[in-house]
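Residue numbers 23 to 804, in the working numbering, belong to the letters of the sequence shown in order.
First comes the structure, then the notes that go with it.
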Amino acid sequence: MVVQFRKIFIVFIGIIAMDVSDGFALGQNKLWYNQAASNWLEALPMGNGRLGAMVHGGVSQEHIQFNEETLWTGKPRFYAHQGASKYLKEIRQLLFNGKQQEAQDLMADEFMSEPRSLMSYQPFGDLIINFPTHTDYSDYQRELDLENAISKVSYFVDGVKYEREMFISYPDQLMAVRLTSSQKGKLDFDFHLESVHFKKSVFTNYDEQLLEVRPGDEPQRFTGISEESVLTGQAGVKIITDGKVTPKYKEILVSGASSATIYLTAYTNFINFQDVTGNPKAKVNQALKKFETLDYESIKKKHIEDYQALYSRFELEFSGENRENIPTDKRIYEFWKDPNDPALLSLYVKYGRYLMISASRPGGQPSNLQGIWNNQINPPWKSKYTTNINAEMNYWPAEVTNLSECHEPFIELVNECAITGELTAREHYGCNGWVLHHNTDIWRGTAPINLPFIGPWPSGSGWVSHHIWEKYLFTQDEDFLRKEYQVIKKAAQFYSEFLIEDPKTGWLISTPSNSPEIGGLVAGPTMDHQIIRSLFKVCIEASGILGADKAFADSLEMMLPKIAPNQIGQYGQLQEWMEDKDDPNEHHRHVSHLWAVHPGKDINWEDTPELMEAAKQSLIYRGDNGTGWSLAWKINFWARFRDGNRAYKLIHNLLSPAEEPEKKTGGGSYPNLFDAHPPFQIDGNFGGGAGIVELLVQSHLNSIDLLPALPDALSEGKVSGVCARGGFELSFDWKGSELEEVSVLSKAGKECTLRYRDKKVKFETKKGKVYTFNKELKNTYK
Ligand code: FUC
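Take a look at the structure:
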């Protein structure tokens, strides 16, 4: 039934696409433009999880800036500050005595990571293709086709149509750039590799070119990079063409061709966070040999099949006015003026899925602050993994939009931080288990970094460990849970030893810490207690499922009621700290004390309505503005508060042009739909996409809640392949803001409870079976 539903759906989509386009430029599931990118934020991203590229689509010059996910500065190391734990007691005492500044000073001197900062994600290189005679052109179009993960450029010069087709293949681990002319022999161009790195060399070998780069500071210019990298990057390109190839010292010339394909790949010597003994030169040479033998059409087919195996599992369509025939850069301006473009929201969700498939594949690095795309030696926040919201947000859509595999690199990062975090737990706190603070990098640093009033936030490990549990909840894969359980257990173990009794209240509290990134170093921020409490519950539940560690689970159970509770303050707000000192005029971007509303679940309408009301009040005080990720988080909060219209208001802010000076709300989207903090951060793309889906289905409590927060603007639509906790995959549609039909595929044979408004139905399921219901939640399929 689900399959059938999907088929009908795809045919339907096909008809719409045919109506408005003949396959290029216009149509659904595309970003498209009438001009080339004039800067990086107009260029279009491609990627296979390991290689990333930004295509500018220029006419007389194509610029494809590329990345390889492991090219970072630095080297394998532990960042823990030896002996820091000697100062823990004193820092805690200073905080108890109200001496925040002194506590921060001591923290700065004795407790921060060594070195103080983490390392940076690096750009790799640039593929430049020159078409010197292409100056007068017409009918320019470029697009990114999300259905096939293919980017295209086309235009006419002197009656000849020139086309470029580009993709990055996961199965073949390469980027392909296919150039064609509509008339025989009309393609003349040259191409070469270059890089922004100071230490680089380029070597031409007939129809191939090799680029070697090594990140590091340029001696004459201070770039902010404190050390060189032990990583070397090697990239190689090869041309396959029916034209004439003439190698030059710096570039390769091609003339009289009808078609030409440039293949590119790149590697570094990074093997894992402790091992950099890889041989990128050998890998590139091997790839160059393979390129010779490739048939373009077959690798393209393989690429599409591989990509669609992930992408096509999920479909989303919102009916209503549709502005697909407006170029994407203009469309976001239209949306800002009049947010009546429901299809832009579904495009945003699908683009988020595209970005995830392109940036996060099993066996690779997780999506960093910019996914996999970065053109700067000194990128914002070093483009690393900020774990007090940003890195986790990147993975909010993974399970629910049916991309569980793409979640794996992040789970791997959690496992690796659990290794480095043991040393940090010991050196900084004298505790067992593992701890991660507010940031990590490719070397899996876990100690508190940078500022002594932001970095020392010990709840990163608690938060990221939830991703293991969430993956289990969605997949119901017990083997996975068994394999990963120690990571959860050891995270809980750390907190069980780290929490101390507050001399004033007698509660167990987390100190020293910080409510990200507001209010300085404190004892007992609310967020920490929400995360730790939730982690203990997760650990207890997991130990029950696996029949392991009962004594440890019992000890956590005993601690639970002693952890400082959520408190309602003088303004009816949920307190951000132990003391009732929230400022109702504070519009800080972080809303950390609402963690238990989302992504946590302990504060909800069913079990804790008063706390839910207080949390809502806090969010109202914080306001509807914010950086990109902040808007995205607020969309998710409003979804949980079941106020779809308020969420839509924030979606309006998030999807409007970032660069419009009149737009005063912060955040927004760049012409290529990248999320703007500003600057570009990818978290808002993922968090915003997840928030839109959260309006349609929620499963964090004991039921699968259908259309819990549907905005009036999305009164009609359909979704298929959306996942719910308990191992379910759903397809449903709605009209006039009313549910029509829902089908549930049970992937694990667990009991299911569906809920639609005040109706609920609970039923047993069999693995692999589909169950369908109407809006009364009456079974319509036996
Ligand atoms: C946190 C946020 C900033 C930024 C950075 C990457 O520190 O407070 O706004 O998103 O992460």
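All C-beta atoms, glycine included, are put in the ideal place defined by N, C-alpha and C.
Residue burial annotation: Lys272 is exposed, with fewer than 16 other C-beta atoms found within 10 angstroms of its C-beta. Per the C-alpha coordinates, the member of Ser334, Arg375, Phe313 and Pro431 positioned closest to Val486 is Pro431. Residue Ile261 holds the alpha-carbon nearest to the alpha-carbon of Leu196 among Thr202, Lys208 and Ile261. For the pair Tyr692 and Glu343, the Cα-to-Cα distance works out to about 22 Å.
For Val259, DSSP records a beta bridge to Gln231 and Leu286. According to the DSSP assignment, Phe153 belongs to no beta strand (DSSP E), since it is labelled neither H nor E. Taking 3 residues as the shortest admissible run, the stretch 686-752 contains the following complete beta strand (DSSP E) segments, listed from N- to C-terminal end: 726-728 and 739-746. Asp297 sits in a strand when the DSSP states are folded into three classes. With three or more CB-CB distances shorter than 8 Å, the stretch 53-65 counts as touching the stretch 693-703.
Partner residues in a beta bridge of Thr92, as assigned by DSSP, do not exist. In terms of Cα proximity to Gln122, the closest of Pro480, Gly147 and Gly542 is Gly542. With contact defined as three or more Cβ pairs closer than 8 Å, the stretch 372-381 and the stretch 703-719 are in contact. About 11 Å separates the beta carbon of Glu608 from that of Ser537, a gap too long to meet the 8 Å contact definition. The Cβ atoms of Pro419 and Ala735 do not sit closer than 7 Å to each other. In the DSSP annotation of this structure, Cys428 is not part of any beta strand (DSSP E); the continuous alpha helix (DSSP H) holding it starts and ends at Ser426 to Tyr451. Here Leu391 is not near Gly255, since their CB atoms are 7 Å or more apart. Put simply, of Thr283, Pro606, Glu216 and Asn291 the residue whose alpha carbon is nearest the alpha carbon of Glu91 is Asn291.
Between Trp479 and His450, the C-beta spacing is not below 7 Å. Taking non-hydrogen atoms of ligand 1 into account, the C-beta of Trp358 is found less than 6 Å away from none of them. Not one heavy atom of ligand 1 is found less than 6 Å from the C-beta of Thr263. Burial of Lys404 is indicated by the presence of at least 16 other C-beta atoms within 10 angstroms of its C-beta. Taking all protein chains shown into account, Glu628 has fewer than 16 neighbouring C-beta atoms within 10 Å of its C-beta and is therefore exposed.
By the criterion of a C-beta distance shorter than 7 Å, Ile321 is surrounded in its chain by Ser191, Asp194 and Ala198, once the five residues flanking it on both sides are discounted. Going by beta carbons, Cys428 and Ser368 fall outside the 7 Å limit. Residue state for Lys782 is assigned as strand, using DSSP reduced to three classes. Inter-segment contact for the stretch 122-131 and the stretch 488-502 is absent: fewer than three beta-carbon pairs are separated by less than 8 Å.
Minimum Cα-Cα distance from His612 among the listed residues Asn410, Gln115 and Ala279 corresponds to Asn410. For Trp403, the Cβ falls inside the 6 Å cut-off from some heavy atom of ligand 1.
Proximity of the beta carbon of Glu539 to ligand 1 is indicated: a heavy atom of the ligand is located closer than 6 Å.
If the five residues before and after Lys97 are omitted, its C-beta is found closer than 6 Å to the C-beta atoms of Val252, all from its own chain and listed in chain order.
Collapsing the DSSP output to three states places Ala770 in coil. In the same chain as Asn397, and ignoring 5 residues on each side of it, the C-beta atoms closer than 6 Å to its own belong to Trp62, Gln87 and Pro145, in chain order.
Annotated as distal: Thr442 and Tyr407, with beta-carbon spacing of 7 Å or more. Set against 6 Å, the gap from the CB of Asn412 to the closest heavy atom of ligand 1 is smaller. DSSP, read as helix, strand or coil, puts Asn647 in coil. DSSP, reduced to helix, strand and coil, places Glu763 within a strand of the structure shown.
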